[in-house]
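Numbering (the numbering used here), first residue to last: 13 to 296.
Here is the structure we will look at, set down as C-alpha cells.
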C-alpha cells in the first residue's frame, strides 16, 4: 500500500511540474543604447547646433523594449514614448535600417516573423531563425538577483558609416559603387539558467537560459525588470498584417529604397529653405 502511495505521489509531482513548465511565461524589460562617433564640419555646424544634435541622437538610440515570452515563443516590441520637439531651425531625418516594430520568434519551430513599417509600407518578413554559434564560458556575474553566465560568438558584419549631409554638403558615407567592407566582431551575452528559456532580446536566442544582457561592440541591450508567471495570463500573438516576404527580399527592397532616397537628397541640395537640414543614415 505504501509503495502504491509513493508511486502516486511521484506521478502527481511529475504531472504538476509538466503543467508548470507548459504554463511558464514572463515579461522582461530591456533598455538599449548605442555608441556614437560623429564628426561634423565646424564651418557648417556651430557648437550649439552640434550639442543639440548629439543630445537628440543620444535620446534616439536609448530605447526600451518589452519581451513577452514562454517556453516556445516570444514577442519583442518597443515601448514607445513621445518624442521631444526638435530645436527651431533644425530638422533631422533619421533612417534606421534593420529595426523591427514587432518581432515574433517561435523557438520550437525555429522561425520568426518580423512586422516592420518602412517607407510608409507595412512588411511581414518571415524566415528561419539563424543558428547562432555561441561559445559558453564559466565566467559569471549577477544582473539584479539573477546569476548569469557569459557566452560569446564571432560574426562578420558590414562596416556601416553614418552618412551625414548638412544643407547640401556632400554625403560623408562611402561610395555606393564600392564593395562593402566587412569586419569580424565579438558578441558578448549574459544568460541565466534560472529562467529556463533559450530566448532573448532582438534576434538573440539559443542559450540555455534567458539572455539578460548582450553587447556587439556598438549596441548594449540590458534587462532592467523581469516579471515571471504574472497573475494575468500573457498572450503572444504572431503578427499577421503586411506584405509577406523573406529576409533576403526585404533587404534588397530596403537597399533600393535607400539609394532612391539618397538620389532625391542630392537633387534637392540647391533648395533655399533657409533651415538646417540634417540627414543621418544608420546601418542595421
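Here a beta-carbon is modelled for each residue, glycine too, at the ideal position from N, C-alpha and C.
Note that the coordinates shown come from a computational prediction; the quantities given were computed from them, not determined experimentally.
Let me know if residue 209 comes out buried or exposed under the rule of 16 or more other beta-carbons within 10 Å of its beta-carbon.
Translated into the one-based positions of the chain shown, residue 209 becomes position 197. Residue 209 comes out buried.
Please list the terminal residues of the continuous beta strand (DSSP E) segment that includes residue 244.
On the chain shown, residue 244 is found 232 positions in, with the first residue counted as 1. Counting along the chain, residue 244 falls outside any beta strand (DSSP E), and DSSP gives it neither H nor E.
Would residue 135 be called buried (16 or more neighbouring beta carbons within 10 Å of its own) or exposed?
Numbered from 1 along the chain shown, position 123 holds the residue referred to as residue 135. Residue 135 comes out buried.
Could you tell me whether the stretch 243-254 touches the stretch 121-129, using the rule of 3 or more Cβ pairs below 8 Å?
The answer is yes - the stretch 121-129 touches the stretch 243-254, with three or more Cβ pairs under 8 Å.
Hey, residue 241 and residue 38: beta-carbon distance below 8 Å or not?
For the purposes of this step, residue 241 is taken as the residue at position 229 of the chain shown. For the purposes of this step, residue 38 is taken as the residue at position 26 of the chain shown. Going by C-beta atoms, residue 241 is nearer than 8 Å to residue 38.
Would you verify that the beta carbon of residue 198 is, or is not, closer than 8 Å to some beta carbon of chain C?
Reference to chain C is not applicable here, since this structure consists of a single protein chain.
Beta strand (DSSP E) containing residue 143: first to last residue?
Mapped onto the chain shown, residue 143 falls at position 131. From DSSP, residue 143 is part of no beta strand (DSSP E); its letter is neither H nor E.
Using a Cβ-Cβ cut-off of 7 Å (strictly less than) and excluding sequence neighbours within five positions of residue 159, which residues of its own chain qualify?
As a working note, residue 159 is residue 147 in the chain shown. Counting only Cβ-Cβ distances below 7 Å, and skipping sequence neighbours, we find 152, 204, 206.
With a 10 Å radius around its C-beta and 16 neighbouring C-beta atoms as the bar for buried, classify residue 221 as buried or exposed.
Reading the chain shown from its first residue, position 209 is the one you call residue 221. Residue 221 should be labelled buried.
Compute the distance between the beta-carbons of residue 198 and residue 229, then report whether it is under 8 Å.
In the chain shown, counting from the first residue as 1, residue 198 sits at position 186. In the chain shown, counting from the first residue as 1, residue 229 sits at position 217. Yes, these two residues count as a Cβ contact at 8 Å.
Can you tell me the Cα-Cα spacing of residue 45 and residue 276, whole angstroms?
Taking the first residue of the chain shown as position 1, residue 45 is located at position 33. Taking the first residue of the chain shown as position 1, residue 276 is located at position 264. Roughly 30 Å separates the two Cα atoms.
With residue 117 as the anchor, note down where its beta strand (DSSP E) starts and where it stops.
Start at 1 with the first residue of the chain shown, and residue 117 comes out as number 105. Looking at the DSSP string, the run of the beta strand (DSSP E) that includes residue 117 is 114-118.
Taking buried to mean at least 16 other C-beta atoms within 10 Å of its own C-beta, is residue 80 buried or exposed?
Start at 1 with the first residue of the chain shown, and residue 80 comes out as number 68. Buried, since its Cβ has 16 or more Cβ neighbours within 10 Å.
With burial defined as no fewer than 16 other Cβ atoms inside 10 Å of the residue's Cβ, what is the status of residue 86: buried or exposed?
To locate residue 86, count along the chain shown from 1; it is residue 74. Buried.
Pick from 195, 143, 162, 84 that is closest to residue 170, judged by C-alpha positions
As a first step, residue 170 is located in the chain shown; it is residue number 158 there, counting from the start. Selected option, being the one with the closest Cα: 195.
In terms of residue numbering, what span does the beta strand (DSSP E) encompassing residue 197 cover?
Indexing the chain shown from 1 puts residue 197 at position 185. Counting along the chain, the beta strand (DSSP E) containing residue 197 begins and ends at 194-204.
Based on DSSP bridge pairs, tell me the residues matched to residue 38.
Working through the chain shown from its first residue, we reach residue 38 at position 26. The partner list for residue 38 (beta bridge, DSSP) reads 81, 240.
From this set, 263, 114, 84, which residue's C-alpha is nearest residue 78's C-alpha?
Taking the first residue of the chain shown as position 1, residue 78 is located at position 66. Closest option to residue 78, Cα to Cα, is 114.
Restricting to Cα atoms, I'd like to know which of 266, 271, 274 is closest to residue 132.
Numbered from 1 along the chain shown, position 120 holds the residue referred to as residue 132. The shortest C-alpha separation from residue 132 is found at 266.
Looking at the unbroken beta strand (DSSP E) that takes in residue 132, where does it start and where does it end?
Translated into the one-based positions of the chain shown, residue 132 becomes position 120. Where residue 132 is concerned, there is no enclosing beta strand (DSSP E), given that its DSSP letter is neither H nor E.
Thinking C-beta only, is residue 234 closer than 8 Å to residue 214?
Residue 214 sits at position 202 when you count from the first residue of the chain shown. Residue 234 sits at position 222 when you count from the first residue of the chain shown. Cβ atoms of residue 214 and residue 234: not closer than 8 Å.
Pick helix, strand or coil for residue 90, following the three-state DSSP scheme.
To locate residue 90, count along the chain shown from 1; it is residue 78. Three-state DSSP puts residue 90 in a strand.
Quick check on the DSSP output: the beta strand (DSSP E) that includes residue 6 runs from which residue to which?
This structure cannot speak to residue 6, because the chain is shown only from 13 to 296.
Residue from 272, 256, 122 whose Cα sits closest to the Cα of residue 143
Your numbering for residue 143 matches position 131 in the chain shown. Among 272, 256, 122, the Cα nearest to that of residue 143 belongs to 122.
DSSP on residue 74, reduced to helix/strand/coil?
Sequence index remark: in the chain shown, residue 74 carries index 62 (1-based). Residue state, collapsed to three classes: coil.
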